[in-house]
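Each remark here refers to the structure printed beneath this line.
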Amino acid sequence: MTKQKISLQAFALTALVAALPFSAVAQGKPAPQRVIVQLQSILPQVAVDRADARMNSPQQFGRMRAEVVGHVQRLERAHGFQSRRGFGHAVNGFAAELTPDQIAKLKQDPAVKLVEPDVVVKAIAQTLPYGIQTAGATTSPAARAGDGLDNATGLSNVRVFVIDTGVSAHPDLNVVERLNYVGDGIEGDCNGHGTHVAGTIGAKDDTNYVVGMAPGVGISALKVLDCAGSGYASSLIAAFDYAASQAAANPSVKYVANASVGFPTGTQISTLDTSVKNAVAAGVVVAVAAGNSGDNTCSTTMVQLSSATEGRGVMAVSAVDSAGREASFSSFGPCVASWAPGVSVTSTSNAGALASMSGTSMAAPHVAGAAAVVRAVNPTYTPAQVDTELKTLAKPLTTVSKDGRSIKHLDISKVGATVVAPEPVLTSVVRVDTPALDFGTVKTRSSVVRRQAWFTNIGTANMTLTGMSGLPTGLAVITSTCNRVAPGASCAVTLEMATTKRNSFSTTVTTVGANTNGKFTVKGTVQ
Ligand SMILES: [Ca+2]
Ligand SMILES: [Ca+2]
């Protein structure tokens, strides 16, 4: 265990250092670096080259929106590179190998939001799934795991993305699709990690092999890590991009994603976090492994989204043993949403048999499977409500985490028996306090006219107004205090009427921003 931990950290540190120096260019020809390029969320229309063969590949341009493809192709032509793959659902952008010169030029393009290193990610595995029992799947009337009968309820409407080393064919698994973002041409799982994770989530209840938390649930294998358990952050982004596109396209199917992959503590990948957040917004519940470095993990990409301030729907999972003690390797911290079994967990192996592994990689799929059961019983729940229900049902233990917090063990024994009323989802609601703004009648080339539009947040979560739609020509927003306005607080947006030429308007303007939709009228005349 210790040896693996050290080698993992040493490996990760090398990867981070190698990925960082964008500008530290050695003499001679600078080597290209693997990067993630995030494009703006709103892009102007540009021409798309539909003869590009990558339009036929679902892993490349096939599933992307046309305006994103057009910009990727435009940037490729302008700067002489070819992208590895693009994104266009959870986040707009692409991955590529670029020279420092190309990166510098891309950063000046108005369509480019940011460029960041494509960090190496690593599977974080080490070794009768006691966890299925201690997490309550055997006594849950919905999961009914362990009686040897295929009698779980509602799971046919649920799909779980296993974002991992792939999932091999196994008689105990119901793999419904496979996508390979590694590009190694190997259809199944040549490592074993992903097949093990898939078994904990959904091994069939049929008396053979093992049984999972959500027995027989459909597994969508999104391969992002190679035979050595190594891969790139951009492949993870592509997987969450696909998850978001599926959730948006199939509202009757309820989705869960499991990402048992690790980063060095404190790694930040903004494009990855954005893609995870938008996958949740599209309706995907996400379970992530807390990490195996034994650190406070709450400043690390993906894991940090599990914190209370990030809303809910992403659950970071720490590992305990069969006695409910937190594993020495398990990372910890206030962002941890759940504790689940992660020491000597038995599950399906990629050789068609069984294997025992340890790690927070093994803990996260217990939560992913539990989320699948909650979704089967309560299909109308949002990801935030699934998250709340699992936290409400968790069983307090007498053991404590490394930070002294009481451990709350995953427990779905009551799912399908007692319906726990979930907390209401927090929303921001805008109230318009100035329903009509009159800019008056003024002469051409007189002083500009300014008016303030006032708003109050009458919701329960912070409110941000990102802009105004329907603004007439000659009227513009010049300042706004409507950023993260607390519930009950008010804010103002200053609008300015230009007087350079004759103009007259009388129309309705609408606020833009999450969960907000305020309308007010504006009128004015420049004679
Ligand atoms: Ca059963
Ligand atoms: Ca089985």
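In our numbering, the protein residues as written are 520 to 1046.
We put the beta carbon where it would ideally sit given N, CA and C, even for glycine.
All values reported here derive from a predicted model rather than from experimental measurement.
Cβ of residue i versus every heavy atom of ligand 1: is any distance shorter than 8 Å?
i       : result
ASP691  : no
LEU984  : no
ARG596  : no
GLY673  : no
ASP840  : no
ALA664  : yes
GLY888  : no
PRO660  : no
PRO1053 : Residue numbering for the chain in the displayed model covers 520 to 1046; residue 1053 lies beyond these limits and cannot be assessed.
ASN670  : yes
GLY655  : no
GLY718  : no
PRO898  : no
GLY935  : no
GLY704  : no
PRO783  : no
Based on Cα-Cα distance, which residue from the options lies nearest to residue i?
i       : options                             : result
GLY1032 : VAL855, LYS1020 and CYS1001         : CYS1001
VAL681  : THR917, THR992 and ALA891           : ALA891
VAL905  : ALA846, SER754 and VAL934           : VAL934
LYS480  : ALA623, ALA766 and ALA1005          : It is not possible to answer for residue 480, since the shown part of the chain is limited to 520 through 1046.
THR793  : ALA752, THR917 and SER925           : ALA752
VAL886  : GLY599, ALA859, SER771 and LEU916   : ALA859
ARG678  : ILE561, GLU586, VAL805 and VAL610   : VAL805
ASP571  : SER1009, LYS1042, GLY581 and LEU692 : GLY581
TRP973  : GLY1007, GLY605, LEU912 and VAL716  : GLY1007
ASN670  : LEU744, ASP725 and HIS689           : ASP725
PHE848  : THR1018, VAL855 and ALA809          : ALA809
ASN699  : TYR774, ALA722, THR618 and VAL743   : VAL743
MET982  : VAL686, ALA1011 and PRO660          : ALA1011
PHE600  : ARG969, ALA801 and PRO619           : PRO619
Grab the span of the alpha helix (DSSP H) containing residue i for me, first residue to last.
i      : result
ASN797 : 789-800
ARG950 : Taken as a continuous stretch (DSSP letters only), ARG950 belongs to no alpha helix (DSSP H), being part of the beta strand (DSSP E) at 949-951.
GLN592 : 585-598
GLN652 : 649-653
PRO619 : 619-626
ASP760 : 752-768
THR719 : 712-721
GLY888 : 879-896
Shorter than 8 Å, the distance from the beta carbon of residue i to the closest heavy atom of ligand 2, or not?
i      : result
LYS723 : yes
VAL729 : yes
THR726 : yes
Buried or exposed for residue i, going by 16 or more other Cβ atoms inside 10 Å?
i       : result
GLU845  : buried
ASN1022 : buried
LEU668  : exposed
LYS1020 : exposed
GLN546  : Interpretation of GLN546 is limited by its pLDDT of 44, a score under 50 that renders its predicted location unreliable; the figure taken from the coordinates is listed afterwards. Its Cβ having fewer than 16 others within 10 Å, GLN546 is exposed.
GLY986  : exposed
VAL544  : Because the pLDDT at VAL544 is just 31, under 50, the model does not fix this residue reliably, and the value given afterwards should be weighed accordingly. By the neighbour-count rule (16 or more Cβ atoms within 10 Å), VAL544 is not buried but exposed.
LYS626  : exposed
THR1027 : exposed
LEU647  : Low per-residue confidence applies at LEU647: pLDDT is 45, beneath 50, and the placement is therefore not dependable enough to give any value.
PRO540  : For PRO540, the pLDDT reaches just 26, beneath the cut-off of 50, and the residue's location in the model is therefore unreliable, leaving the point undetermined.
GLN557  : buried
LYS962  : exposed
GLY711  : buried
ALA644  : Annotation note: pLDDT 39 at ALA644 (below 50); position unreliable, coordinate value reported separately. By the 10 Å Cβ count, ALA644 comes out buried.
GLU908  : buried
ILE997  : exposed
HIS569  : The residue asked about is misnamed: residue 569 is Arg in this sequence, not His. The residue in question, ARG569, is exposed, as its Cβ has fewer than 16 Cβ neighbours within 10 Å.
PRO636  : buried
PRO902  : buried
In terms of residues, what are the limits of the beta strand (DSSP E) holding residue i?
i       : result
THR907  : Segment 902-912 is the alpha helix (DSSP H) holding THR907; no beta strand (DSSP E) there.
LEU994  : 994-999
ALA972  : 968-976
ALA874  : 873-876
GLY737  : 737-742
HIS928  : 925-928
PHE1039 : 1038-1045
ARG553  : 552-558
ALA806  : 803-808
SER1025 : 1022-1031
If you pair each beta-carbon of the region 881-897 with each one of the region 730-747, do three or more pairs fall below 8 Å?
-> yes
Indicate whether the contact test is met: 3 or more Cβ pairs, each with one atom in the region 589-597 and one in the region 783-797, closer than 8 Å.
-> Output reads no: the region 783-797 does not touch the region 589-597.
Should the region 990-1004 be called in touch with the region 919-928, which here means at least 3 C-beta pairs below 8 Å?
-> no
Touch test, the region 835-844 against the region 895-910, Cβ-Cβ under 8 Å, three pairs minimum = With a cut-off of 8 Å, the region 895-910 and the region 835-844 do not count as touching, because too few Cβ pairs lie within range.
Counting pairs of Cβ atoms below 8 Å between the region 1035-1042 and the region 947-966, do you hit three or more?
-> yes
Touch test, the region 652-666 against the region 701-708, Cβ-Cβ under 8 Å, three pairs minimum | no
Should the region 714-729 be called in touch with the region 871-887, which here means at least 3 C-beta pairs below 8 Å?
-> yes
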